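Participant:
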Amino acid sequence: MVFLRALSQLQRPAGSSLLSSARAGLRRTPGPCSSPFTGLRTLTATANRQGKVLMVLYDGGEHAKQQPGLLGTTENELGLRKWLEDQGHTVVTTSDKDGPDSVFERELVDAEVIITTPFHPGYLTAERLAKAKKLKLAVTAGVGSDHVDLNAANKTNGGITVAEVTGCNVTSVAEQVVLTILALVRNFVPAHEQIVRGEWDVAAVAKNEYDLEGKVVGTVAVGRIGERVLRRLKPFECKELLYYDYQPLSPEVEKEIGCRRVENLEEMLAQCDIVTINCPLHEKTRGLFNKDLISKMKKGAWLVNTARGAIVVKEDVAEAVKSGHLRGYGGDVWFPQPAPKDHPLRYVQHPWGGGNAMVPHMSGTSIDAQIRYAQGTKAILESYFSGREDYRPQDLIVHKGKYVTRSYGQRDKM
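Numbering-wise (this note's numbering), the sequence shown opens with residue 199 and increments by one.
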C-alpha cells in the first residue's frame with residue numbers, strides 16, 4: 199500500500215494535536231517513558247527546511263480503522279501527515295519495502311527524511327544509501343536502528359543523522375519478557391491449545407510445567423529494558439537474578455534489585471534456568487547465540503529473545519528445542535521481518551510438545567507505546583525541520599558522521 203500527496207503551498211501553523219487526526223478519545227497513559235514527550239515544541243508557520251518525507255510502515259487494514267491508536271500503520275501514519283503537509287512537506291507512505299522495484303527503493307532516491315519502525319523495517323543498506331542523494335535524516339519510530347548500515351550512514355551525504363525514540367517502549371518490552379518467561383515456564387501455550395481443541399489432559403501439559411520461583415534468571419545486557427526485567431522479576435522470589443554487561447549497575451541498584459553481575463557470558467549461561475536477551479544487534483552480537491554458545495546453557499533451560507532475531511542463529515535454536523537441550527524458546531523478534539512461512543521458529547516444538555512462545559514483533563508496539571513513539575518521532579522531526587537540531591542526546595545514534603551512543607559506537611567490550 200502506498201499513499202502519496204504533496205501540498206507544497208500549504209503554510210499553516212501546526213496547531214492541532216499530534217494524534218487528534220488519527221484517533222479520537224484516546225488518552226496517553228502516564229508512565230516512566232511518557233514525560234520526555236510532553237509539551238512538544240511547535241514549529242513556526244514557515245519551516246526553515248522543507249523536503250520529502252518517506253514513511254515505511256506496515257498495513258493495518260481493517261484493524262487500523264477499528265483502532266485509530268494503531269499509529270504505526272500506513273493508514274494512520276503516526277498521526278503525522280496533516281502536520282507535515284501543513285508545513286509544506288511532501289509525504290509518501292508505503293508498506294512495499296522489499297526488492298529493487300519496491301516503492302521504498304524508488305521513493306528513497308529523492309527523500310530527505312525516512313521514517314520506519316522496527317516492526318516493519320525499511321532496510322537502509324549501503325547500496326540503498328548510495329542512491330539516496332538527498333537523505334539527511336533517518337528516524338526509527340521506536341527503538342533499534344540495526345536496519346541501518348550505520349557505518350555507511352556516517353559516510354553518506356556528509357553524514358546522515360540516525361535517530362530513534364529512546365525509552366518509548368522499554369516498559370512494554372519488559373512486560374512482554376516477563377509474560378514470555380511465564381508462558382514458557384508454566385507451559386501455558388500447549389495447555390491453552392489443548393482447551394481450544396476440546397481436549398482435557400492435565401498430565402500431558404503438567405509434565406513440563408514449572409514454577410518461576412526458585413529459578414536462576416539471567417539477562418544478556420542490563421540497559422533500560424534489561425534492568426526493568428530484573429525489577430519485575432524480583433517479586434517472583436527467583437533463586438538468583440544475574441546479568442552480563444560490560445557496564446555494571448551501581449552497587450546501590452544491584453542491592454535494591456537483588457541482582458549480581460557475572461563478567462563471563464558462558465559462566466552466566468551455565469548457571470541459568472532462564473536466559474533473556476536484551477542487547478542491541480551489531481556486528482559483535484549478530485549470531486551470538488549459535489550452536490556452540492547454546493551448548494554452554496544448562497540442559498532444559500529456557501531462552502527468551504525480544505531484542506533482535508539476528509542475535510540468534512535460528513536453525514541452531516530450533517535444533518536445540520527439538521532435541522530437548524532447550525526446554526523452550528520464546529519472543530517476538532525474527533530475521534527477516536516479516537518472518538517467512540517456512541521460518542523454523544514458527545513450528546519448532548520440544549519433544550514433549552510446547553516449548554514455543556513465539557509471536558509477531560509486537561512487544562514494543564502496544565497502543566501506549568505507539569503513542570509515545572509517535573510523539574517522539576514528531577519531536578525529532580521538529581528539531582530537524584526547524585534547523586535547530588536540538589535533539590534529545592539519548593535519541594541520537596549517529597550524527598554528523600560520528601557514533602553518538604555506546605550501544606552502537608563503543609563496542610569493544612561487548
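Backbone N, C-alpha and C define an ideal beta-carbon position, used for all residues, glycine too. Keep in mind it's a predicted model, so treat the numbers as computed, not measured.
Measuring straight from C-alpha to C-alpha, what distance separates D540 and K295?
Facilitator: Position 342 of the sequence shown, counted from the first residue, corresponds to residue 540. Position 97 of the sequence shown, counted from the first residue, corresponds to residue 295. Their Cα atoms are separated by approximately 20 Å.
Participant: So if DSSP puts R459 in a beta bridge, which residue, or which two residues, is it bridged to?
Facilitator: Here residue 459 is taken as the residue at index 261 of the sequence shown, counted from 1. DSSP, once it has assigned bridges, lists Y441 as partnering R459.
Participant: Just the C-alpha distance for E362 and K432, rounded to the nearest angstrom, thanks.
Facilitator: Your numbering for residue 362 matches position 164 in the sequence shown. Your numbering for residue 432 matches position 234 in the sequence shown. The straight-line gap from Cα to Cα measures roughly 30 Å.
Participant: Under a Cβ-count criterion, where at least 16 other Cβ atoms within 10 Å of its own Cβ denotes burial, should H261 be classed as buried or exposed?
Facilitator: Indexing the sequence shown from 1 puts residue 261 at position 63. H261 comes out exposed.
Participant: So the candidates are K600, V376, D593; which of them puts its Cα closest to the Cα of E664?
Facilitator: Residue numbering for the chain in the displayed model covers 199 to 612; residue 664 lies beyond these limits and cannot be assessed.
Participant: Would A572 pass as a contact of L276 if the rule is Cβ separation under 8 Å?
Facilitator: What you label residue 572 is simply residue 374 of the sequence shown in a count that begins at 1. What you label residue 276 is simply residue 78 of the sequence shown in a count that begins at 1. Yes, these two residues count as a Cβ contact at 8 Å.
Participant: For K489 and L348, I'd like the C-alpha separation in whole angstroms.
Facilitator: Here the question's residue 489 lines up with position 291 in the sequence shown. Here the question's residue 348 lines up with position 150 in the sequence shown. If I take the Cα positions, the gap works out to 28 Å.
Participant: Can you tell which of L467, D443, R384 has its C-alpha closest to the C-alpha of V183?
Facilitator: With the chain running from 199 to 612 in the structure shown, residue 183 is simply not present.
Participant: DSSP three-state call for Y408: helix, strand or coil?
Facilitator: Here residue 408 corresponds to residue number 210 of the sequence shown, with the count starting at 1. Looking at Y408 - three-state DSSP - the assignment turns out to be coil, as it is neither helix nor strand.
Participant: Can you give the Cα-Cα distance for S584 and E425, rounded to whole angstroms?
Facilitator: As a working mapping, residue 584 is identified with position 386 in the sequence shown. As a working mapping, residue 425 is identified with position 227 in the sequence shown. Answer to the nearest angstrom: the Cα atoms are 35 Å apart.
Participant: Grouping DSSP H, G and I as helix and E and B as strand, with all else coil, what is N554?
Facilitator: Locating residue 554 in the sequence shown gives position 356, where the first residue counts as 1. Of the three classes helix, strand and coil, the one that applies to N554 here is strand, per DSSP.
Participant: Give me whichever residues DSSP pairs with G416 in a beta bridge.
Facilitator: Taking the first residue of the sequence shown as position 1, residue 416 is located at position 218. Answer is L440, V473.
Participant: With distances taken Cα to Cα, identify the nearest neighbour of A404 among G421, R384, V394, V510.
Facilitator: Walking along the sequence shown from the start, residue 404 turns up at place 206. A404 has its Cα closest to that of R384, out of G421, R384, V394, V510.
Participant: Evaluate E397 with the Cβ neighbour count: other Cβ atoms within 10 Å of its Cβ, from every protein chain shown; 16 or more gives buried, anything less gives exposed.
Facilitator: Indexing the sequence shown from 1 puts residue 397 at position 199. Label assigned to E397: exposed.
Participant: Nearest to V617 by alpha carbon, out of P538, T483, K496, P319?
Facilitator: The displayed coordinates of the chain run from 199 to 612. Any statement about residue 617 would go beyond what the structure contains.
Participant: Quick one: which unbroken beta strand (DSSP E) runs of 3-plus residues sit fully inside the stretch 315-360? Chain order, please.
Facilitator: As far as the stretch 315-360 is concerned, its whole beta strand (DSSP E) runs of at least 3 residues are 335-338.
Participant: Beta-carbon within less than 6 Å of H597's beta-carbon, same chain only, minus the 5 sequence neighbours each way: which residues are those?
Facilitator: Against the sequence shown, residue 597 aligns to sequence position 399. Once the five neighbours on either side are set aside, the close Cβ partners of H597 are T359.
Participant: According to DSSP, is G526 helix, strand or coil?
Facilitator: Locating residue 526 in the sequence shown gives position 328, counting from the first residue. The answer is strand: DSSP assigns G526 an E or B state.
Participant: If you count every other CB in all the chains shown that lies within 10 Å of the CB of T242, and 16 or more means buried, which is it?
Facilitator: Taking the first residue of the sequence shown as 1, we reach residue 242 at position 44. For T242, the pLDDT reaches just 38, beneath the cut-off of 50, and the residue's location in the model is therefore unreliable, leaving the point undetermined.
Participant: Would you mind sorting V394 into buried or exposed? The rule is 16 or more other CB atoms within 10 Å of its CB.
Facilitator: The residue labelled residue 394 in the question sits at position 196 within the sequence shown. Looking at its Cβ environment, which holds fewer than 16 other Cβ atoms inside 10 Å, V394 is exposed.
Participant: Which same chain residues end up closer than 8 Å to T354 when comparing Cβ atoms and leaving out the 5 residues on each side of it in sequence?
Facilitator: Mapped onto the sequence shown, residue 354 falls at position 156. Result list for T354: L327, A328, A330, L333, in chain order.
Participant: The beta strand (DSSP E) that contains I379, what's its start and end?
Facilitator: Position 181 of the sequence shown holds residue 379. Element bounds for I379: not the beta strand (DSSP E) but the alpha helix (DSSP H), 368-383.
Participant: Rounded to the nearest angstrom, how far is the Cβ of A350 from that of I313, given a contact under 8 Å?
Facilitator: Sequence index remark: in the sequence shown, residue 350 carries index 152 (1-based). Sequence index remark: in the sequence shown, residue 313 carries index 115 (1-based). So it is not a contact: roughly 19 Å between Cβ atoms.
Participant: Using only the alpha-carbon positions, how far apart do G258 and I595 sit?
Facilitator: Looking up residue 258 in the sequence shown gives position 60. Looking up residue 595 in the sequence shown gives position 397. Rounded to whole angstroms, G258 to I595 spans 29 Å at the Cα level.
Participant: In three-state terms, what does DSSP make of A499?
Facilitator: As a position in the sequence shown, residue 499 is number 301, starting the count at 1. Strand.
Participant: By how many angstroms is the C-alpha of S521 removed from the C-alpha of Q547?
Facilitator: Within the sequence shown, residue 547 is the residue found at index 349, counting from 1. Within the sequence shown, residue 521 is the residue found at index 323, counting from 1. Cα-Cα distance, rounded: 9 Å.
Participant: Can you give, in chain order, each stretch of the beta strand (DSSP E) that sits fully within the stretch 248-321 and has at least 3 residues?
Facilitator: Correct list: 250-254, 288-292, 311-314.
Participant: For Y527 versus G553, is the C-beta distance shorter than 8 Å?
Facilitator: Indexing the sequence shown from 1 puts residue 527 at position 329. Indexing the sequence shown from 1 puts residue 553 at position 355. Yes, they are a contact pair.
Participant: Rounding to the nearest angstrom, what Cα-Cα distance links P388 and G599 in this structure?
Facilitator: The residue you call residue 388 lines up with position 190 of the sequence shown. The residue you call residue 599 lines up with position 401 of the sequence shown. If I take the Cα positions, the gap works out to 50 Å.
Participant: Hey, L614 and I472: beta-carbon distance below 8 Å or not?
Facilitator: What the structure shows of the chain is the stretch from 199 to 612, and residue 614 is not part of that stretch, so it cannot be assessed.
Participant: With a threshold of 8 Å on Cβ separation, who are the neighbours of Q469 within its own chain once the five nearest residues in sequence on each side are excluded?
Facilitator: Translated into the one-based positions of the sequence shown, residue 469 becomes position 271. Excluding sequence neighbours, Q469 sits near V414, G416, E438, L440, V460, K496.
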